[in-house]
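Structure first, commentary second.
In the UniProt record's numbering, the protein residues as written are 1 to 83.
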């Protein structure tokens with residue numbers, strides 16, 4: 001994950017705009033290694049960068065949070081997805 005984070009930060013430094021694919025790939029990686037707080041923070045960073053979460057983003061977060069039994073947070077994202 002460190003290499004992926006460094007690459008993501010390097011993209012930002014070079015003014016390369018991250019896409020849904022970039023964000024979703026990193027969010028998925030965080031979820032796979034159990035770093036759900038990092039995945040949630042990246043979701044917020046995604047929105048601040050004017051990239052709205054899409055179906056892949058929500059499915060990845062919901063699946064990861066469900067697997068870790070963080071149902072309150074999962075419900076928050078589910079409700080955000082419905083809006």
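In this text, a Cβ means the ideal position worked out from N, Cα and C, and glycines have one as well.
| Check | Outcome |
| --- | --- |
| Alpha-carbon spacing of residue 22 relative to residue 3, whole angstroms | 13 angstroms |
| DSSP state of residue 56 mapped onto helix, strand, coil | helix |
| Candidates 45, 28 and 35: closest to residue 18 by CA position | 45 |
| Residue 60 versus residue 15: straight-line alpha-carbon distance, rounded | 26 angstroms |
| Secondary structure of residue 24, DSSP reduced to three states | helix |
| Given residue 81 as reference, the closest of 36, 69 and 52 once Cα atoms are compared | 52 |
| Residue 24 versus residue 41: straight-line alpha-carbon distance, rounded | 12 angstroms |
| Cutoff 8 angstroms: residue 82 Cβ touching any chain B Cβ | Absent here is chain B; the protein component of the structure consists of one chain. |
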